[in-house]
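The block underneath contains the structure these notes are about, expressed in structure tokens.
There are 2 protein chains.
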Amino acid sequence: MAKKVLKFGGTSVGSIKRILHAAKIIKKEHDNGNKLIVVVSAMAGTTNNLIEHSKGISKKFNKRELDVLLTSGEQVTSALIAGALNDLGVKSKSWLNWQIPIITEGEHSNARIIHMNIKNINDYISSGGIAVVPGFQGVSKSGDITSIGRGGSDATAVAIAKIFQTDSCEIYTDVDGVYSSDPNKIPLAKKIDKISYEEMLELSSLGAKVMQSSAVQSAMMGDIPIQVKSTFTEREGTEIINQDNIDYTKAVTGVAYSKDDAKITLLGVEDKPGVAADVFEPLSRNQINVDMVIQNISTDGKKTDITFTTKRQDSKNAISLIETNKKIKYEKMYMNDKVSKISIVGAGMVATPGITFKMFRSLADANINLLAISTSEIKISVIIDEKFTIDAVKKLHKTFKLD
Amino acid sequence: MAKKVLKFGGTSVGSIKRILHAAKIIKKEHDNGNKLIVVVSAMAGTTNNLIEHSKGISKKFNKRELDVLLTSGEQVTSALIAGALNDLGVKSKSWLNWQIPIITEGEHSNARIIHMNIKNINDYISSGGIAVVPGFQGVSKSGDITSIGRGGSDATAVAIAKIFQTDSCEIYTDVDGVYSSDPNKIPLAKKIDKISYEEMLELSSLGAKVMQSSAVQSAMMGDIPIQVKSTFTEREGTEIINQDNIDYTKAVTGVAYSKDDAKITLLGVEDKPGVAADVFEPLSRNQINVDMVIQNISTDGKKTDITFTTKRQDSKNAISLIETNKKIKYEKMYMNDKVSKISIVGAGMVATPGITFKMFRSLADANINLLAISTSEIKISVIIDEKFTIDAVKKLHKTFKLD
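Residue numbers (this note's numbering), protein chains in the order written: chain A, 1 to 403; chain B, 1 to 403.
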């Protein structure tokens, strides 16, 4: 008998049939004697529909009211799941965030959970009831509805696991775990049984859609073990846990790639304090996300080169912002918008010498040229010509024995 | 400058375009210097969709959760209206029922509003803000979400008008007022400028869809004047007010009709106490609504005849319930399921002799036979062959000079 958080994502509750299926999974956990707090997302598509509605009203829809609008989606799913459980003969009720309450602070659409009242729900689940809580939302201290950002249902689940001190936090989703790469594109990608928070964060930020990054981060900070499971198969999922609890037999855990990247290089930039800020500040102000940034040491102490990547759709805008910015002095600017980023991620990397070399050699053997390189403690990313993307990922899978 | 409740029904907020239109109406009232509390229904179709969802889960969907589910609809509209007003440069925010709060008592899906906290909203509207309140819902003393029955947004509007002591309560809807009969079917039907609560109640119960009956009833009890207006035209609407404030120049205010009726007659029923109860109790237990009931005095003191009407779809079930009920003794049962009910309604009727006779003569002149008659203080209803329905309504319009 354990106290558990079970979280069901949008596709897992995306239709009446799927809600009935999720209710059966929950009932089975309940019949096994577990005390359950269930966290649900809005039905797949609902949040986007509501956002479309708000855009139809105004391009700058009031942020307070947007939270009132969007949180209705999870309210609907909570009622349907609780209703389905009652129909299966299990005591259950929905607990909206103001009913618990879940107190947040911070601005609308980007609030943080800071407190929950645990007594009532603890009493309820101890008496055999299943509490169903809408994810993604809370109330501010002043009593306004807030939301904690898209994908925030994961964050709700982790916060509940932490504050209620549950034995586990299980994320039911439409994939059966975290893979070494996207299994739809890379058939030889393998499911990972255990992955550290840090690795998961790197993979998430590199495009693995399994769990929302800020939820992984808060799980890491609270040392909450997460289990990612499929709602639709009975296969074992992936555990996201503390690195210390993983016995690394491999240096590399996964290979991620992002497409639609563009690489911009400024040659002969003055090498003095504040130059990088001058380049990137206007981009940030214009909502252009900069991913990799590489700056080499200047050879003569006067000039340096700066390379960075952005999403392809932002590249033209980035270039014109730099061109029109009088503050930035450079000799030449190059742009290549047909590049992709390939990253190998692995907490075992630190302890295994020669990984960097092995990666570069492997790609060189496949005749793939490296256009830029950036490394962190548990990740090595390279920029290559886009057309080699899948080849590179496959090659690295073989090199690091992930297949 | 006045304090007003403006209520917008489902079709008036049935699309983004209509919400933007409603927001303009509200802004105009605000620009005229009025303090406004706006009550909104769910977007047309939303509540039915949610009910379909609940039925997909369970035929007996949990009532507490049904209220959580359905009230999401008005929450969405409240946010969209408040968002639209902000976009028009008007200070506005949504006030969900737990935020006010609106306290109810009674069972789920059929609760009654018993209390509202008025201070915060009064402060807000005095400071120039527009409060947007979702209709149809409240919270119980124990903090559960409740709903006050379908069409309950009207009741919310009336309750707010009463408790906040507003100067008016304006119901914006998809028709431009109350008509002497359904203007779509009876082109000579005329809009009524002023109608009493009692007349409106009779017309509502006879099928006029303009306003929910229990809302009219509570307006009557609180003596709250109601204005029914069209969201889509600028024509004057109908005032629903105290009978004392109406100068009756006509005895009859409107002619209502219902179709899909069935008439069942039991001949030779024992004339002793409890017989009617024996007949109707099983019908009621099986959710069969009985409309008109007519029982004549028995001629010999032993036997009597009972006639009643039900909806056509219930008639077969009603007959089999009577046939299989051993307690009911009767000689013969007749059923005619091709009948309709025609009613004339008018508070002026009481003071005008000969209305009954005039109605019967008028229908006789048109060769329409009366199959049953039932009268109340401000209404006379007759059952006729269904095929004469429209003819009868037109004829009565002319007879009572409603055209």
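Every residue, glycine too, gets a C-beta built ideally from N, C-alpha and C.
Predicted, not measured: the structure shown is a model, and the values here were computed from it.
- If you ignore the 5 residues before and after F280(B), its C-beta comes within less than 8 Å of the C-beta of V290, V293 and F308, all in its own chain and listed in chain order.
- Below the 7 Å Cβ cutoff, chain B contributes no neighbours of G106(A), its closest Cβ being approximately 19 Å away.
- CA-CA distance, I171(B) to E74(B), rounds to 16 Å.
- Contact between L6(A) and I19(A) does not hold, since the beta-carbon distance rounds to 14 Å and is not under 8 Å.
- Among the residues of the region 108-136 of chain B, none has a Cβ less than 7 Å away from any Cβ of chain A.
- CA-CA distance, K250(B) to K398(B), rounds to 12 Å.
- For K395(B), the uninterrupted alpha helix (DSSP H) segment begins and ends at T389 to T399.
- By the neighbour-count definition (other C-beta atoms within 10 Å, threshold 16), D176(B) is a buried residue.
- Looking only at S92(A), I322(A), M116(A) and R112(A), the smallest Cα-Cα distance to T146(A) is reached by R112(A).
- Only G143 from the region 143-175 of chain A bring a Cβ to less than 7 Å from some Cβ of chain B.
- The closest CA to that of P225(A), considering only T71(A), I246(A), T352(A) and D182(A), is found on I246(A).
- S218(B) and F164(B) have their C-alpha atoms roughly 15 Å apart.
- Y330(A) is positioned such that its CB atom lies closer than 7 Å to that of V269(A).
- In terms of beta-carbon proximity, Q313(B) stays away from the interface with chain A, with every pair separated by 7 Å or more.
- Using a 10 angstroms sphere on the CB of A351(B), the tally of other CB atoms stays under 16, which defines it as exposed.
- Residue pairing from DSSP places R112(A) in a beta bridge opposite E105(A).
- Closer than 8 Å at the C-beta level to chain B, one finds these residues of the region 30-60 of chain A: L50, H53, S54, G56, I57, S58 and K60.
- Membership of P134(B) in the beta strand (DSSP E) is indicated by the continuous run I130 to P134.
- By the rule that beta-carbons nearer than 7 Å mark a contact, D271(A) does not touch chain B.
- For D182(A), the three-state secondary structure derived from DSSP is coil.
- Using a Cβ-Cβ cut-off of 7 Å, K27(B) is close to nothing in chain A; its nearest Cβ partner there is about 13 Å away.
- The beta carbon of R64(A) sits closer than 7 Å to the beta carbons of H108 and D144 from its chain, once the five residues preceding and following it are set aside; these are given in chain order.
- Beta-bridge partners assigned by DSSP to F357(A): none are found.
- K259(A) is the residue among K259(A), M359(A) and T265(A) whose C-alpha sits nearest the C-alpha of K311(A).
- If you check each beta-carbon in the region 3-24 of chain A against every beta-carbon of chain B, the ones closer than 7 Å belong to I16, I19 and L20.
- Residues of chain B with a Cβ closer than 9 Å to the Cβ of Q243(A) do not exist; the shortest Cβ-Cβ separation is about 41 Å.
- As for any alpha helix (DSSP H) of minimum length 4 sitting wholly inside the region 296-343 of chain B, the runs are 312-323, ordered along the chain.
- With a threshold of 16 other beta carbon atoms within 10 Å, Q313(A) falls short and is exposed.
- Under the Cβ criterion (8 Å, minimum of three pairs), the region 181-201 of chain A does not count as touching the region 121-135 of chain A.
- With its beta carbon at least 7 Å from every one in chain A, D300(B) lies outside the interface.
- In the DSSP assignment, no residue is bridged to F61(A).
- A Cβ of chain B is located within less than 7 Å of the beta carbon of L69(A).
- For the pair T253(B) and A82(A), the Cα-to-Cα distance works out to about 49 Å.
- Under the three-state reduction of DSSP output, K24(A) falls in the helix class.
- Inclusion of D305(A) and L267(A) in the CB contact set at 7 Å is warranted, their separation being smaller than that value.
- Short of 8 Å from the beta carbon of S204(A), and not among the five residues preceding or following it, lie these beta carbons of its own chain, in chain order: V210, M211, Q212, S213 and V216.
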